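Enquirer:
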Amino acid sequence: MTPVMGQYIRPEAVAWAAFILVVGLTFAGALIAVLPRNIIYNVFGLATCILGVAGLFIFLGSEFLAMMEILIYIGAISIAIVFAIMLSQPMHVRIPPAWRPKLYLSFAVSAVVFVSFSVIVLRTPWAVALERSQDWTVKRLGELFLTRYELLFELISLALLVAIIGAIITAAALGGGRKPEGEP
Amino acid sequence: MNPGFPYLSAILLAPALGLLVILLLPHDNRRAVRWVSLISAGVCLILSIYIYAAYDRAAAGLQFVERASWVPSLGIFYYLAVDGINLPMVLLTSIVFFTGVWTMWDLQHRVKEFFALMLLMVVGVYGVFLSLDLFFLFVWYDVSLFPMYPLIAIWGSTRKEYGALKLTLYLLAGSALVLPGILYVYFQSGLFTFDLVQIAQAGLPVEAQYLGFFLFLFGFGVLAGLWPFHTWSPVGHVAAPTAVSMIHAGVLMKLGAYGVLRVGMFLCPQGLADWSPLFALLATVGIVYGAFVGLAQTDLKYVIGYSSVSHMGLVSLGLATMSVGGISGAVFQMFAHGVMTALFFSSVGHIYDRTHTKLIPDLGGMAKVMPRASFFFILAALAGIGVPCLASFWAELLVFIAGYQAYPLLGVCAVLGLVISALFMLRVVQKTFYGEKNERFAAAPDMTPAMALPRALLAGTILLFGLLPRLALDLIDTGVAPLVGMFK
Amino acid sequence: MTPVAPNGGELSLALLAMGLPLLSFFLVFFVTRPRVTLSCAVSLVCSGLPLLAAIWLLAGHWRMEAPILWELTWMRGGGVAVTFGFLLDPLSLLMLCIVTGVSFLVQVYSLGYMAGDPGKAKYYAFLSLFAWSMISLVLASGLMQLYIFWELVGLSSYLLIGFWHHKFSASQAGKKAFVMTRLGDLGFFLGIIVLLLNLGDLSILGLNQQAATRLTPGLLTASALLIFCGVVGKSAQFPLLTWLPDAMEGPTPVSALLHSATMVAAGVYLVSRLFPFFQGSPQALGWVLVIGTVTMLLSSTMAMVASDIKQVWAYSTVSQLGFMFMGLGAGGYFAGVYHLTTHAAFKALLFLCSGVFIHHYATNDFFVMARSGARSLKVPMLSLTVAGAALSGVWPLAGFFSKETVLSALAELPNPAWLWLGLLGAGLTAYYTFRLLFVMWRPRRTQPPAGHAEHGEGGHHGAAVYWVMAAPLLVLAVLTALLGAAGPALESFLAWGRPLPPGAHHGWLVAASVVVVAAGAGLAWLEFGRAGAAQQGFLSRIPGLWNLFANRWYLDWLYRWLLDHVVYGLFSRLFTLNDRRVVDGGIDGFCRATLGAGWLLSLLQSGLLQYNLFTMVLVMALVGLYFLLV
Amino acid sequence: MNSLHTYLFIALVLFCIGLFGLLKRRSLIGMLISVELMLNAVGLNFMAFNRFLAPDPAVGQVAVLFIMGIAAAEAAIALSLILALFRKIRSINVEQARQLKG
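Chains as they are written, first to last, in the working numbering: chain A, -18 to 165; chain B, 26 to 513; chain C, 27 to 656; chain D, 653 to 754.
Below, the structure is given as structure tokens:
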């Protein structure tokens, strides 16, 4: 960004615009992830939403996390979901519209949660820590993972390993021995 | 006080050992199973008769004491002893148990399980009667109750699942009142001991006794057939097989009355004073009501079931009077009614086995067909009516006198119940045993002498204690007198 | 009058009399029952020896001055003690002789009457049981002992009435007798409790001596009336009188023994036994008089229309018992006891004679008997006549004298109505007795039977049987004829040998009673006895009265109605319904409600994940809110 | 833009949309997607607190990284379960999986 442009376009305005874009991306993606009946749209919505959240992470000062977010959610989870969709639900099956009362009920419950959590958010006196370190670096993160959060780190790895093995076993064995049609 | 040989533990152990041996025996060896049961019952009977005779009536108080700390931190003791109140009950249990096992000699269906469960039940009954520790008392109480369900549901007859379920639910409901009662007493006494004698001697706070007695009265009262919590008992009697009916009506119902007496009245004498009018009222209603309902029954066992309600009402009335006469009468009535009702059920059991009906309209003229069975039934009926020189007469006499003294109006109503009970007993005797015999059963065999022997033992007990009531009452008085002292 | 302890002889004799019948009962019932002859022998010996003991005791104490008392504690519990023992005084000795005497004669008679009956040994066992109860009742030293044996007497009565229990009517009658007397005993028992709680002493001597001074008049009257309730039941007085005619379903010797001479007289005996106690309350004695009078008249009318010979004597028994109570109620202690004594003799005789006829002709209907030639049995016929005449009060038989004493006791009362009622009763008695006698003596062969024939008990047997039965008749007939002369002696004996106060002698009373008896007998002669009489009473021309009398004044109907509609129909049915519907229904309803609630809750478990999530999330949100806001 | 509340509300909206989806969707995969949204909202919250409140800015990031790890594991398991279920009942409609019905 050149200083010339800076005369016309103020950095704060750019930041604002970017922020609004990111928030919009998040909400729009979330809505797309939830509302359409076609599951493929939902996955794309999820990806969009993840992009927005990654942007928010940047705004919150952690580029590393934004990167990880995109890597894991879009690169791993969304792809896995797409595979699952391809392996399960045939695309051409028409999905009937949702049962109305259930829709309303869901909305009502969500609204209640929204209201109550809003109240919580607003009424809690958020206290800022007295001393704040300014060390946002990945290096610091790495150190923490290998020192104070060592055990958790290991546990998470273990959990992932177990999850993967479990997923394989579940998908392979618990499927009920019924082979997909067409195979000998 | 140290008798040397632990007689009471031996009484408790004999059926338990028998149970173990039976469990180890092979399934198809019915003979051995029967003999083991009979021998363990016989050992109990002999030991009971011995301690009944050896109890020092002049010294009175608790004798044959066996006391050992079991869980010191909670104050739980293994504490067995007998006095004038539970000694007759132990003797009663032994007699009924012994005759019950003998009566079921011809059982063919799942013999091993039957006798095993019966022995388990009897261990529990002995445990309740002998234990003076609230914790053990409650544990034994539940041990004695739970075999009832399989015993009725497997070997029973008429609506057996319904009867078994109803009985179990009622008794568990009662149990559910007793347990909080015991814990309440445990904490209210401030001693943190389950030792019944210690708590009774220290005395509970007066205001705690009100609730405490309420819990015990209705908790144990359910098992004693206290009106209006009585309907499980006729249904259960009807459904149960012969020996189970005998033990059930003869002994188990006494557990309830004994619990009210031993736990409720010993621990909460002041509570009894508060609840006594209601207690007496329910008892009297039970006496009259049971007799009237008995009038309308057509099933022999229902008739006896309702007569039990009526007679157990007498026990309750006696307890509610708070006088030596009334309580002695109640204890004696428990004994007498136990023997009498066992005789009833064993005779009806024989008739049912031979004719496969216990409906009164189907029978008739049985006195010609089965003179022995009829004799025993009629003797029991006469005892139930309160004919003098049979054991229950004396008990009823004492209860009526005490009842009239404490609550004149209720006493009169209770005596009126006597007439009604005479009417319905004689009606049953007439319709079942007299009149033209039903040709369908004309060839039904009478009891063999071997099977008449256990019944004769019961009948002999009724006559013996009827002719010589002091045999029991002198003993009972020694146990009751100190209790009544606590009411003052 | 302080009692003395018995010496060895008295003790052993009394215990022998009390114990032997019990021994005999157990022996016969449990041991010798299969061997009939042996059983009869045992029973006879065990009833004969008490008779000898009784006579010995009576003779030995003819001039006794103090009662003999012996007691031991039978039961003791909670301050209540029941004693077992005996009290020998003139009254109990006299009654002991009557009981053992009649009992022995009836047992001899039964040898013939029950010959061939399959249950003969059991019958003798029951007779022994009865003898034991009755003897112990008579000798009882305390009221509680008396009550106990009073009940046992009721039990043996039940067993003997229903002896032929394959007959429905017999078992029904036994039950009726037991329950109705039980109803009366209820009062008796309550009376005993009242006395026990207020006096603490139930000995008969104590009651007679102290009750009047230690009890308030109200309590005294109440307890006396309660005790009299028991008497009403046992002695079949109004309103509990209908069981006794039904009790005739028992074998005839049983009727003779229990239901005329001894057991039903126990009520009279009890009132005499406690006579000083009853005297303490004029109201109670007044009630005794009223009940006795009503019963006597009522049952006499019933006897006037009966055609069953045993029924006639049964009604007559009730009526004569009422007569005894009139005497006692009027204050005539000796009158009641004396009539009891003579009545025992002639009524037992009447029944035993009837038994011979019933046995012989296998019917209970005396019209049929007469037509079948009852006249030919000379001994029973003569005995019947003697006894009937005694019952009517014909001079010089025993009944005349005892009836006179009762009537003179009635004449002492300020109100002459009682005497007139007594005389009326005597007239009715003469009428129905002579009605039967004339029918028996002068049968009408051509005429259709006045009543329907019923099948009686027994059947035809040989001469040996006849004479075994006839021998006791002769003994009793002699007694009936002679007892009248023993009146003064008995009176002084019963009064402890003290000189009697000179009673007012009513010469006109003798005349009046003779006139009344003659009138009754004359009416019977006109209707039944004279040649060409239609043998139909004047009552058969008044259907209303006939029905009333034949249906026992509808008392039975009333009881049946009460039993069916109140006891069974109302209480029993309602209570049963309550048990099924309310109590059981409540519990079952509760159980069903529990099941239903479980079912309802299970609806929430739809298996749909998202509905569970709704609840979960909602609750979490609200709980969070709650903790934050509150 | 630079206040805690802003981010908290953004996260809350995201969370509620996810919740709405979770409650509404009949497709199990759709529900999984919604769960991912909610997880993201939570991560956002963590980061917001980390940015504005926490003494050590590394801690929140650690937490978010953990969440991501868990999310990945969860997705793997969930997807395999969905596949297994699909083979069993030939549907991934949650309303057809009613074996838990009482």
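Quick reminder that beta carbons are idealized off the backbone N, C-alpha and C, glycines included.
Everything numeric in this text was worked out from a predicted model, so none of it was measured.
Suppose you measure from the CA of Leu443/B to the CA of Ile272/B; what does that come to, to the nearest Å?
Expert: Locating residue 443/B in the second sequence gives position 418, where the first residue counts as 1. Locating residue 272/B in the second sequence gives position 247, where the first residue counts as 1. Approximately 25 angstroms, taken between the alpha carbons.
Enquirer: If we ignore side chains and look at the alpha-carbon of each, how far apart do Ala371/C and Val132/C end up?
Expert: For the purposes of this step, residue 371/C is taken as residue 345 along the third sequence, with counting starting at 1. For the purposes of this step, residue 132/C is taken as residue 106 along the third sequence, with counting starting at 1. For Ala371/C and Val132/C, the distance between alpha carbons rounds to 12 angstroms.
Enquirer: If you measure from the beta carbon of Ala110/A to each beta carbon in chain D, is any gap under 7 angstroms?
Expert: Position 129 of the first sequence, counting from 1, holds the residue named residue 110/A. Judged by the 7 angstroms Cβ criterion, Ala110/A is in contact with chain D.
Enquirer: Pick out whichever of Gly650/C, Thr343/C and Phe303/C has its Cα sitting closest to the Cα of Leu284/C.
Expert: Position 258 of the third sequence, counting from 1, holds the residue named residue 284/C. Measuring from the Cα of Leu284/C, the nearest candidate turns out to be Thr343/C.
Enquirer: Using a Cβ-Cβ cutoff of less than 6 angstroms, which residues in the same chain neighbour Met290/B once the five nearest sequence positions on both sides are dropped?
Expert: Position 265 of the second sequence, counted from the start, is the residue given in the question as residue 290/B. These residues qualify, in order along the chain: Leu297.
Enquirer: To test your reading of the DSSP string, which unbroken beta strand (DSSP E) runs of 3 or more residues are found completely within the segment 55 to 129 of chain C?
Expert: Counting only runs of 3 or more, we get 94 to 103 and 106 to 114.
Enquirer: Using 10 angstroms around the beta-carbon of Asn33/C, count the other beta-carbons present and answer buried if the total reaches 16, otherwise exposed.
Expert: Residue numbering aside, residue 33/C sits at position 7 when the third sequence is read from its first letter. Per the 10 Å Cβ criterion, exposed.
Enquirer: Just to confirm my understanding: we take Leu155/C, look at its own chain, exclude 5 residues before and 5 after, and list those with CB closer than 6 angstroms. What are they?
Expert: Locating residue 155/C in the third sequence gives position 129, counting from the first residue. Result list for Leu155/C: Phe51 and Ser182, in chain order.
Enquirer: Does DSSP put Glu44/A in a helix, in a strand, or in coil?
Expert: Residue mapping note: residue 44/A aligns to position 63 of the first sequence, counting from 1. Residue state, collapsed to three classes: helix.
Enquirer: Tell me whether Val96/B is buried or exposed, calling it buried when 16 or more other Cβ atoms sit within 10 Å of its Cβ.
Expert: Here residue 96/B corresponds to residue number 71 of the second sequence, with the count starting at 1. Exposed, since its Cβ has fewer than 16 Cβ neighbours within 10 Å.
Enquirer: I'd like to know whether the C-beta of Val93/A is nearer than 7 angstroms to at least one C-beta of chain C.
Expert: The count along the first sequence starts at 1 and reaches residue 93/A at position 112. Yes, Val93/A lies at the interface with chain C (some Cβ there is under 7 angstroms from its Cβ).
Enquirer: Just to confirm, are Ala547/C and Met466/C a CB contact at a threshold of 7 angstroms?
Expert: Working through the third sequence from its first residue, we reach residue 547/C at position 521. Working through the third sequence from its first residue, we reach residue 466/C at position 440. Against a cut-off of 7 angstroms, the Cβ pair of Met466/C and Ala547/C comes out as no contact.
Enquirer: As a quick exercise: from Phe239/B, Ala420/B and Ala439/B, pick the residue whose alpha carbon is nearest that of Val203/B.
Expert: Within the second sequence, the letter at position 178 stands for residue 203/B. Comparing Cα-Cα distances from Val203/B to each of Phe239/B, Ala420/B and Ala439/B, the minimum goes to Phe239/B.
Enquirer: Output the distance between the C-alpha atoms of Val220/C and Ser249/C, rounded to the nearest integer angstrom.
Expert: As a working mapping, residue 220/C is identified with position 194 in the third sequence. As a working mapping, residue 249/C is identified with position 223 in the third sequence. About 6 angstroms.
Enquirer: Gly659/C to His362/B, Cα distance in whole Å?
Expert: Outside the shown range of chain C (27 to 656) lies residue 659/C, about which nothing can therefore be said.
Enquirer: Could you spell out the range, first to last residue, of the beta strand (DSSP E) harbouring Gln88/B?
Expert: As a first step, residue 88/B is located in the second sequence; it is residue number 63 there, counting from the start. Looking at the DSSP string, the run of the beta strand (DSSP E) that includes Gln88/B is Gln88 to Val96.
Enquirer: Using the beta-carbon count (16 or more within 10 Å), is Val(-5)/A buried or exposed?
Expert: Position 14 of the first sequence, counted from the first residue, corresponds to residue -5/A. So Val(-5)/A counts as exposed.
Enquirer: I'd like to check one pair, Ala663/D with Ile58/A: are the Cβ atoms closer than 7 angstroms?
Expert: Here residue 58/A corresponds to residue number 77 of the first sequence, with the count starting at 1. Here residue 663/D corresponds to residue number 11 of the fourth sequence, with the count starting at 1. No, the pair does not count as a contact, with Cβ atoms beyond the cut-off.
Enquirer: Rank Pro507/B, His134/B and Tyr104/B by C-alpha distance to the C-alpha of Leu162/B and give the top, closest one.
Expert: Residue 162/B sits at position 137 when you count from the first residue of the second sequence. With distances taken between Cα atoms, Leu162/B lies closest to Tyr104/B.
Enquirer: Please classify Ser655/D: is it buried, with 16 or more other beta-carbons within 10 angstroms of its beta-carbon, or exposed?
Expert: Indexing the fourth sequence from 1 puts residue 655/D at position 3. By the neighbour-count rule (16 or more Cβ atoms within 10 Å), Ser655/D is not buried but exposed.
Enquirer: What separation, rounded to the nearest whole angstrom, lies between the Cα atoms of Lys740/D and Val63/A?
Expert: In the fourth sequence, residue 740/D corresponds to position 88, counting from 1. In the first sequence, residue 63/A corresponds to position 82, counting from 1. If I take the Cα positions, the gap works out to 20 angstroms.
Enquirer: Report the three-state DSSP secondary structure of Gly206/A (helix, strand or coil).
Expert: In the structure as shown, chain A begins at -18 and stops at 165. Residue 206/A is therefore absent and cannot be evaluated.
Enquirer: What is the rounded straight-line gap between the Cα of Val164/B and the Cα of Ser156/B?
Expert: Within the second sequence, the letter at position 139 stands for residue 164/B. Within the second sequence, the letter at position 131 stands for residue 156/B. Cα-Cα distance, rounded: 10 angstroms.
Enquirer: Pull up the distance between the alpha-carbon of Gln115/A and that of Phe704/D, whole angstroms please.
Expert: Mapped onto the first sequence, residue 115/A falls at position 134. Mapped onto the fourth sequence, residue 704/D falls at position 52. Their Cα atoms are separated by approximately 11 angstroms.
Enquirer: Taking the Cβ atom as the reference point for each residue, do Ser732/D and Ala152/A lie within a distance shorter than 7 angstroms?
Expert: In the fourth sequence, residue 732/D corresponds to position 80, counting from 1. In the first sequence, residue 152/A corresponds to position 171, counting from 1. Yes.
Enquirer: Quick check on Asn745/D: does DSSP put it in helix, strand or coil?
Expert: By 1-based counting over the fourth sequence, the position of residue 745/D is 93. Here Asn745/D sits in strand by DSSP.
Enquirer: Name the residue from Val543/C, Val316/C and Ser380/C whose alpha carbon lies nearest to the alpha carbon of Gly357/C.
Expert: The sequence position of residue 357/C within the third sequence is 331, counting from 1. The option with the nearest alpha carbon to Gly357/C is Val316/C.
Enquirer: Closer than 8 angstroms between beta carbons: that is the criterion. Which residues of the segment 29 to 62 of chain A meet it against chain D?
Expert: So the list reads Cys30, Ile31, Val34, Leu37, Phe38, Phe40, Leu41, Gly42, Ser43, Phe45, Leu46, Met49, Glu50, Ile53, Tyr54, Ala57, Ile58, Ala61 and Ile62, given in the order they occur along the chain.
Enquirer: Can you give, in chain order, each stretch of the alpha helix (DSSP H) that sits fully within the segment 490 to 548 of chain C and has at least 4 residues?
Expert: Listed in chain order, they are 513 to 520.
Enquirer: Trp88/C to Val30/C, Cα distance in whole Å?
Expert: Here residue 88/C corresponds to residue number 62 of the third sequence, with the count starting at 1. Here residue 30/C corresponds to residue number 4 of the third sequence, with the count starting at 1. Answer to the nearest angstrom: the Cα atoms are 16 angstroms apart.
Enquirer: What three-state label does DSSP hand Phe102/B in the structure shown?
Expert: By one-based count along the second sequence, residue 102/B stands at place 77. Here Phe102/B sits in strand by DSSP.
Enquirer: Does the distance from the CB of Gly355/C to the CB of Val314/C come in under 7 angstroms?
Expert: Here residue 355/C corresponds to residue number 329 of the third sequence, with the count starting at 1. Here residue 314/C corresponds to residue number 288 of the third sequence, with the count starting at 1. For Gly355/C and Val314/C, yes; Cβs fall inside 7 angstroms.
Enquirer: What did DSSP end up calling Ser229/C once you bin it into helix, strand or coil?
Expert: Taking the third sequence and counting its residues from 1, one reaches residue 229/C at position 203. In the structure shown, Ser229/C sits in a strand (DSSP, three-state: E or B).
Enquirer: From this set, Ser686/D, Phe698/D and Phe738/D, which residue's C-alpha is nearest Gly712/D's C-alpha?
Expert: The residue given as residue 712/D occupies position 60 in the fourth sequence. Nearest C-alpha to Gly712/D: Phe698/D.
Enquirer: Closer than 8 angstroms, Cβ to any Cβ of chain D: which residues of the segment 618 to 652 of chain C, in chain order?
Expert: Within the segment 618 to 652 of chain C, the qualifying residues are Leu627, Ser628, Leu629, Leu630, Gln631, Ser632, Gly633, Leu634, Leu635, Gln636, Leu639, Phe640 and Val643.
Enquirer: With Pro76/C and Thr126/C assumed to form a contact (beta carbons below 8 angstroms), what rounded beta-carbon distance in angstroms separates them?
Expert: Residue numbering aside, residue 76/C sits at position 50 when the third sequence is read from its first letter. Residue numbering aside, residue 126/C sits at position 100 when the third sequence is read from its first letter. Rounded, the Cβ-Cβ distance is 5 angstroms, consistent with contact.
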